Amino acid sequence: MLTERREAILKALVGEYIYSAAPVASETIVRKHGLSISAATVRNEMANLEDEGYITRPHTSAGAVPVDKGYRFYVKSIPTPTYLPPEIQEAATKEMNKARKDLESWISAATVLLAKMVQNLGVTSYPKAPETRLRHVELVYLQEVLAMLILVLQGARVDKQLLPLREPVSPEEMAQAGNKLNTCLAGLSHREIEAKRLELSPFEEEVLEAALRIMEEEDQNLYQGHFVDGLRHLFSQPEFAGSEKAQEVVNMLEERRFIQAILNQTAPGSVVQVIIGEENQVDVLHGFSVVLCQYGIPGETAGLVAVLGPTRMEYRRTISSVQFVSSLMTGFIEDIQRKPLY
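Now the structure itself:
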């Protein structure tokens with residue numbers, strides 16, 4: 000049972016271990032955390048905490064280190080909501096505003112910023128809509144029998160495809176076809192477009208067939224890609240110096256398994272989640288913690304912002320950083336969705 004005194008000792012121990020990465024002795028807790036009890040009393044309480052599964056002692060005579068249950072207690076004790084200091088928020092916002100106003104640039108900038116803020120591995124996925132919706136069609140004349148088809152889809156996704164034509168078409172006819180399809184189909188899903196009965200010219204039918212193929216592929220593709228930054232921070236952590244565990248995680252990232260693994264544990268909405276050690280469903284991630292949050296518009300377009308690091312991470316700073324970067328990405332997606340395309 001966690002008494003008030005044990006809670007205070009456990010909080011102090013976890014905080015000290017996060018800072019030092021070294022087993023924490025009872026004398027250190029008494030000296031640095033101002034507890035009005037003796038080192039002997041702290042040692043006795045640490046023995047109780049070990050029996051209850053919150054900490055472990057690598058050697059009988061050594062200090063103690065937290066285990067997953069201890070970290071979970073520590074995370075629950077962090078006041079919510081937790082915010083970054085205003086000056087850090089302002090500096091981070093300025094940094095993001097330097098990026099070009101396109102989705103790929105913003106995701107890349109957000110990932111670099113997040114990794115820098117938390118000194119661990121930052122990951123940001125592309126946003127994905129539950130059902131792809133068409134926002135805008137544009138046709139660029141290249142030759143009489145060749146056009147560039149540009150589709151803007153919900154969630155700021157842009158797809159470009161060369162479209163060979165069966166019959167010659169003039170630039171004016173291309174512009175008219177694009178305007179007609181935008182008027183009739185903007186905002187509709189693949190399923191809704193197929194259900195509509197439109198009077199279309201043979202050229203417009205060609206364009207629509209190509210657009211539907213692209214939208215169908217988008218619907219089938221659950222994974223949209225991600226950006227990663229901060230591997231240098233991960234490899235610099237004492238836990239992973241010369242270890243194969245960090246390399247295994249790198250392999251997961253390269254094979255896309257990391258995003259799929261954490262997507263399976265992601266709750267909808269903008270709540271920050273913390274997955275600690277063996278709470279991760281994938282064995283490779285045991286020994287790591289993942290702090291993640293969805294960004295975007297619930298029910299419409301959602302992506303993922305996440306941090307991966309050792310279980311000995313600075314949870315308060317990481318939680319507030321993930322929440323803040325997620326809110327920046329959400330604001331960007333909302334701006335894109337509100338922006339008129341033509």
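Take the sequence shown: its position 309, counted from the start at 1, is 308 in numbering that gives the first Met the number 0, and no numbers get skipped.
Cβ atoms here follow ideal geometry from the backbone N, Cα and C, with glycine treated the same way.
What you are looking at is a predicted structure, and each value in this text was computed from that prediction instead of being measured.
Tell me which same chain residues have a C-beta within less than 7 Å of the C-beta of residue i, skipping the five on either side of it?
| i | result |
| --- | --- |
| Leu161 | Leu145 and Met147 |
| Lys179 | Glu203 |
| Gly69 | Leu9, Val13, Tyr53 and Ile54 |
| Glu243 | none |
| Arg5 | Glu44, Asn47 and Leu48 |
| Glu333 | Ile296 |
| Phe72 | Leu9 and Tyr53 |
| Ser104 | Ala98 |
Just how far apart, CA to CA, sit residue i and residue j?
| i | j | result |
| --- | --- | --- |
| Ile8 | Leu120 | 30 Å |
| Glu299 | Gln153 | 8 Å |
| Ala24 | Lys127 | 48 Å |
| Glu137 | Ile87 | 41 Å |
| Gln264 | Ser37 | 43 Å |
| Gly14 | Thr92 | 29 Å |
| Asp67 | Leu34 | 24 Å |
| Ser319 | Gln142 | 52 Å |
| Thr123 | Thr110 | 6 Å |
| Thr27 | Leu230 | 32 Å |
| Glu171 | Arg134 | 21 Å |
| Tyr341 | Pro201 | With a pLDDT of only 47 at Tyr341, under 50, the local geometry of the prediction cannot be trusted, and no value is derived from it. |
| Ala176 | Arg256 | 41 Å |
| Ala194 | Ala174 | 24 Å |
| His32 | Thr40 | 14 Å |
| Glu89 | Pro78 | 22 Å |
| Ile296 | Ile106 | 16 Å |
| Ser269 | Cys292 | 6 Å |
| His285 | Pro163 | 51 Å |
| Ile258 | Val248 | 11 Å |
| Ala98 | Ile335 | 15 Å |
| Ala108 | Leu102 | 10 Å |
| His58 | Phe323 | 40 Å |
| Leu362 | Lys100 | Outside the modelled stretch of the chain, which goes from 0 to 341, sits residue 362, for which no answer is possible. |
| Asn181 | Leu150 | 10 Å |
| Tyr140 | Pro85 | 49 Å |
| Arg42 | Val29 | 10 Å |
| Ser362 | Gly308 | With the chain covering only 0 through 341, there is no way to say anything about residue 362. |
| Arg196 | Gln219 | 24 Å |
| Glu3 | Ala114 | 35 Å |
| Pro167 | Cys183 | 24 Å |
| Ala209 | Pro237 | 52 Å |
| Leu207 | Arg190 | 13 Å |
| Glu278 | Ser169 | 60 Å |
Which same chain residues end up closer than 6 Å to residue i when comparing Cβ atoms and leaving out the 5 residues on each side of it in sequence?
| i | result |
| --- | --- |
| Tyr294 | Gly302, Val304, Ser325, Met328 and Thr329 |
| Met116 | Ser320 |
| Phe239 | Ala245 |
| Phe331 | Trp105 |
Could you give the C-beta distance for residue i and residue j, rounded to a whole number, given that I count them as a contact under 8 Å?
| i | j | result |
| --- | --- | --- |
| Ala260 | Gln280 | 6 Å |
| Met95 | Leu112 | 6 Å |
| Ile54 | Leu12 | 6 Å |
| Tyr125 | Val64 | Rounded, the Cβ-Cβ distance is 38 Å, inconsistent with contact. |
| Glu217 | Arg156 | 7 Å |
| Gly276 | Thr310 | 5 Å |
| Lys74 | Val273 | Contrary to the premise, residue 74 reads as Val rather than Lys in this sequence. The Cβ separation is near 5 Å, so the contact holds. |
State yes or no: is the C-beta of residue i within less than 8 Å of the C-beta of residue j?
| i | j | result |
| --- | --- | --- |
| Gln118 | His232 | yes |
| Ser76 | Glu130 | no |
| Asp158 | Ile192 | no |
| Met251 | Val283 | yes |
| Val271 | Val290 | yes |
| Asn205 | Arg165 | Asn is not the amino acid found at residue 205; the sequence shown has Glu there. Cβ distance < 8 Å, so Glu205 and Arg165 count as in contact. |
| Arg132 | Gly186 | yes |
Is residue i helix, strand or coil when you go by DSSP?
| i | result |
| --- | --- |
| Thr81 | coil |
| Ala146 | strand |
| Glu166 | coil |
| Asp101 | coil |
| Ile36 | coil |
| Pro22 | coil |
| Lys93 | helix |
| Tyr125 | coil |
| Val74 | helix |
| Gln246 | helix |
| Leu266 | With the sequence shown as reference, residue 266 is identified as Ala, and Leu is not the correct amino acid for it. In the structure shown, Ala266 sits in coil (DSSP, three-state: anything other than H, G, I, E or B). |
| Arg30 | helix |
| Gly52 | coil |
| Thr310 | coil |
| Tyr341 | Per-residue confidence for Tyr341 stands at a pLDDT of 47, beneath the threshold of 50, marking its modelled position as unreliable; the derived number appears in the next sentence. Note: Tyr341 maps to coil in three-state DSSP. |
| Leu233 | helix |
| Glu277 | helix |
| Glu130 | coil |
Is there a C-beta anywhere in chain C that falls below 8 Å from the one on residue i?
| i | result |
| --- | --- |
| Val206 | Annotation note: the requested chain C is absent from the structure, which comprises a single protein chain. |
Go through its chain and collect everything with a Cβ distance to residue i's Cβ below 8 Å, but skip five positions before and after it.
| i | result |
| --- | --- |
| Gly314 | For clarity, residue 314 is Tyr in the given sequence; the question names Gly instead. Result list for Tyr314: Ile17, Tyr70, Tyr73, Val74, Ile77, Val273, Ser288 and Val290, in chain order. |
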